[in-house]
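What follows is one structure encoded as structure tokens, with my remarks underneath.
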Amino acid sequence: MFDDQQPIYRQIADQIRQDILGGRLEEEEQVMSTNQYAAFYRINPATAQKAFQNLVDDGVLYKKRGIGMFVQAGARAKLQEEHRASFFGQRLDPVLAEARVIGVSAADLIAYISRKLGEDSGQ
Amino acid sequence: MNIEIRNLHQRFGDAVALNDLSLSIEGAKIIGLLGRNGSGKSTLLNIIAGFRKPTSGEVLIDGEPVFENGRITERLALIREVGDTVEDSEKVEEALRYAAYLRPNWNGERARYLLDRFEVSLKSKISSLSRGRRSALGIALGLAAQADLTILDETYLGLDAPSRYLFYDELLQDYMNQPRTFILSSHLIEEIARFLEDIVIIDHGTLMFHGNTEQFVSQGAAVTGNAADVDRFVQGKKVIGELQLGRTKSAMVYGEINSGFLEQANTDGLDVESLGVQDLFVYLTQPKGE
């Protein structure tokens with residue numbers, strides 16, 4: 001369920017970010033409790049707590065005292081913007097590096113991307 | 001619960017089991033005690049639980065010495081093997097009755113629920129139980145005691161994987177329903193690491209590490225790349241292991257892995273990977289001079 005390369009709390013925080021980006025978690029919706037996350041992922045609740053704290057610090061979640069954690073209004077737009085900012089460097093650069101190593105040409109890449117984006121917008 | 005372990009020494013004849021071990025544990029946490037065979041784990045746990053008086057040094061729990069102190073020891077549950085507190089000739093239900101008499105916070109309903117989950121019959125004779133079922137009985141007795149400090153010393157022995165997962169789930173439920181201190185010792189490090197808030201590592205009777213699990217993991221990395229580049233990079237760093245394959249080399253490094261470290265590795269064209277709890281433990285405690 002987890003890979004070894006990232007601390008578990010960060011993987012859980014990233015999972016929640018993805019859930020918000022993908023619309024599986026709505027803004028102002030309550031997030032499952034630390035204990036529910038701990039039981040589901042079979043981890044120490046302190047680890048789940050740390051994931052939540054990380055998201056509160058980033059302004060993605062907020063705490064309603066005595067009730068639980070909720071998704072901050074505007075969290076999705078904020079996450080989209082952050083992910084857009086890191087998209088080219090973190091996602092695309094490794095793909096381009098791989099393309100260079102195996103000899104995929106720039107023209108092939110551009111043609112492929114144009115076709116894919118065309119398909120998506122054409123539907 | 002506050003556990004203060006002060007300058008413990010334990011000798012068995014000429015053998016030194018614990019050598020000036022000091023350690024302080026605070027708060028309701030699940031703590032893992034890791035160490036190789038013969039590192040002194042069980043001796044330490046027996047002393048913490050007041051089962052043994054150390055050669056010198058002492059253990060204070062909430063400020064009071066634990067040895068021969070009923071007020072403290074009734075708040076502790078040490079589970080090593082079931083045979084400890086019950087006669088083999090007895091039935092499981094008699095072991096429960098005895099625990100109910102002995103344990104101030106005994107939860108009989110919880111014990112019966114756990115035994116049912118582990119498929120241990122109340123009518124079974126303890127001597128007729130398999131190794132795994134005996135472990136399961138120990139776990140049920142340990143968790144249902146609802147002690148302020150629950151010590152589970154290799155209680156997984158003989159449990160198959162589904163039963164161990166059941167144990168971890170029930171332990172976690174217990175901890176979340178009623179936060180208190182648990183100390184677990186196990187050789188199945190990879191399996192239990194995710195449940196541990198803190199880790200204590202002892203080696204040859206001395207304390208090697210005590211701290212947060214994630215902090216521990218963040219201190220170990222495998223640096224891989226061209227052998228000459230790796231050698232240059234690790235100069236002045238603590239190398240705890242090396243592997244080589246042709247011109248490629250991995251050096252296991254222990255210490256602070258900060259952003260400067262990562263940037264330098266990146267500049268040098270080296271890969272940095274986390275070692276994980278178990279590998280880091282293995283490299284740190286493997287015999288020297290090999």
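As you go down the protein sequences, you meet chains L and X in turn. Heads up, the first sequence is in the numbering used here, so the first residue is 1 and it goes up one at a time. Heads up, the second sequence is in the numbering used here, so the first residue is 1 and it goes up one at a time. We put the CB at the ideal spot given by N, CA and C, even for glycine.
| query | Within the 8 Å Cβ cut-off, does Gln11 (chain L) reach chain X? | reply | The residue you call residue 11 (chain L) lines up with position 11 of the first sequence. In terms of beta-carbon proximity, Gln11 (chain L) stays away from the interface with chain X, with every pair separated by 8 Å or more.
| task | Run through the segment 42-114 of chain L for me and flag every whole beta strand (DSSP E) of 3 or more residues, listed as ranges in chain order. | result | Qualifying beta strand (DSSP E) stretches, in chain order: 61-64 and 68-71.
| said: Tell me which residues share the same chain as Tyr9 (chain L) and place their Cβ nearer than 7 Å to its Cβ, disregarding the 5 neighbours each side in the sequence. | reply: Stepping through the first sequence from its first residue, residue 9 (chain L) is reached at position 9. The residues Thr47, Lys50, Ala51 and Asn54, in chain order, have a CB closer than 7 Å to that of Tyr9 (chain L) in the same chain once the five nearest residues on each side in sequence are set aside.
| request: Kindly list the residues whose CB is nearer than 8 Å to the CB of Ala99 (chain X), restricted to its own chain and excluding five residues on each side of it in sequence; keep chain order. | output: Against the second sequence, residue 99 (chain X) aligns to sequence position 99. For Ala99 (chain X), same chain residues with a beta-carbon under 8 Å away, outside a window of 5 residues either side, are Thr85, Trp106, Ala111, Leu141, Ala144 and Ala145 in chain order.
| request: Please determine if the segment 147-160 of chain X and the segment 181-193 of chain X are in contact, where contact requires at least 3 C-beta pairs separated by less than 8 Å. | output: The segment 147-160 of chain X vs the segment 181-193 of chain X: in contact.
| task | Evaluate the contact criterion for the segment 230-248 of chain X versus the segment 200-212 of chain X: three or more CB pairs, one atom per stretch, below 8 Å. | result | The segment 230-248 of chain X, when compared against the segment 200-212 of chain X, does not touch it at the 8 Å Cβ threshold.
| field | Pairwise C-alpha distance: Ala99 (chain L) and Ser105 (chain L) | value | Position 105 of the first sequence, counting from 1, holds the residue named residue 105 (chain L). Position 99 of the first sequence, counting from 1, holds the residue named residue 99 (chain L). Approximately 7 Å between the Cα atoms of the pair.
| Chain-order list of residues whose beta-carbon lies under 7 Å from that of Gly255 (chain X) (same chain, five-residue window excluded) | In the second sequence, counting from the first residue as 1, residue 255 (chain X) sits at position 255. Result list for Gly255 (chain X): Gln219, Lys237 and Lys238, in chain order.
| query | What residues from chain L crowd round Ser89 (chain X), counting only those whose CB sits closer than 7 Å? | reply | In the second sequence, counting from the first residue as 1, residue 89 (chain X) sits at position 89. In chain L, no part has a C-beta under 7 Å from the C-beta of Ser89 (chain X); the shortest such distance is about 38 Å.
| Burial state of Ser127 (chain X) (16 or more Cβ within 10 Å) | Start at 1 with the first residue of the second sequence, and residue 127 (chain X) comes out as number 127. Classification for Ser127 (chain X): exposed.
| Using the beta-carbon count (16 or more within 10 Å), is Phe12 (chain X) buried or exposed? | Working through the second sequence from its first residue, we reach residue 12 (chain X) at position 12. If you draw a 10 Å sphere on the C-beta of Phe12 (chain X), you find fewer than 16 other C-beta atoms in it, and that means exposed.
| query | Apart from the five residues on each side of it in sequence, which residues of its chain come closer than 7 Å, Cβ to Cβ, to Glu290 (chain X)? | reply | On the second sequence, residue 290 (chain X) is found 290 positions in, with the first residue counted as 1. Per-residue confidence for Glu290 (chain X) stands at a pLDDT of 47, beneath the threshold of 50, marking its modelled position as unreliable; the derived number appears in the next sentence. Excluding positions up to five away in sequence, the list is empty.
| Along chain X, which residues have their Cβ under 9 Å away from the Cβ of Asn44 (chain L)? | Stepping through the first sequence from its first residue, residue 44 (chain L) is reached at position 44. Simply Lys29, Ile30, Leu172, Tyr175, Arg194, Phe195, Leu196, Glu197 and Thr213.
| task | Pull out every residue of the segment 245-266 of chain X whose Cβ sits closer than 8 Å to any Cβ of chain L, in chain order. | result | Taking 8 Å as the Cβ-Cβ cut-off against chain L, none of the residues of the segment 245-266 of chain X qualify.
| said: I'd like to confirm the pairing. Which residues does DSSP put opposite Pro65 (chain X) in its beta bridges? | reply: Reading the second sequence from its first residue, position 65 is the one you call residue 65 (chain X). According to the DSSP secondary-structure assignment, Pro65 (chain X) is paired through a beta bridge with X:Leu60.
| task | For Leu343 (chain X), write down the residues that DSSP places opposite it in a beta bridge. | result | An answer regarding residue 343 (chain X) cannot be provided, because it is not within the stretch 1 to 290 covered by chain X.
| Cutoff 8 Å: Gln15 (chain L) Cβ touching any chain X Cβ | By 1-based counting over the first sequence, the position of residue 15 (chain L) is 15. No, because no Cβ of chain X sits closer than 8 Å to the Cβ of Gln15 (chain L).
| task | For Asp295 (chain X), I'd like the list of residues in its chain whose CB is within less than 7 Å of its CB, leaving aside the five on either flank, ordered along the chain. | result | Given a span of 1 to 290 for chain X in the structure shown, any question on residue 295 (chain X) remains unanswerable.
| query | Which first and last residues belong to the beta strand (DSSP E) in which Gln10 (chain X) is found? | reply | Within the second sequence, numbered from 1, the residue matching residue 10 (chain X) stands at position 10. Unbroken beta strand (DSSP E) run through Gln10 (chain X): Asn2 to Phe12.
| field | CB of Glu27 (chain L) within 8 Å of CB of Arg76 (chain L), strictly | value | Sequence index remark: in the first sequence, residue 27 (chain L) carries index 27 (1-based). Sequence index remark: in the first sequence, residue 76 (chain L) carries index 76 (1-based). Going by C-beta atoms, Glu27 (chain L) is nearer than 8 Å to Arg76 (chain L).
| request: Quick one: residues in its chain with C-beta nearer than 7 Å to the C-beta of Leu109 (chain L), no 5 flanking neighbours on either side, listed in chain order? | output: On the first sequence, residue 109 (chain L) is found 109 positions in, with the first residue counted as 1. Excluding sequence neighbours, Leu109 (chain L) sits near Ala99.
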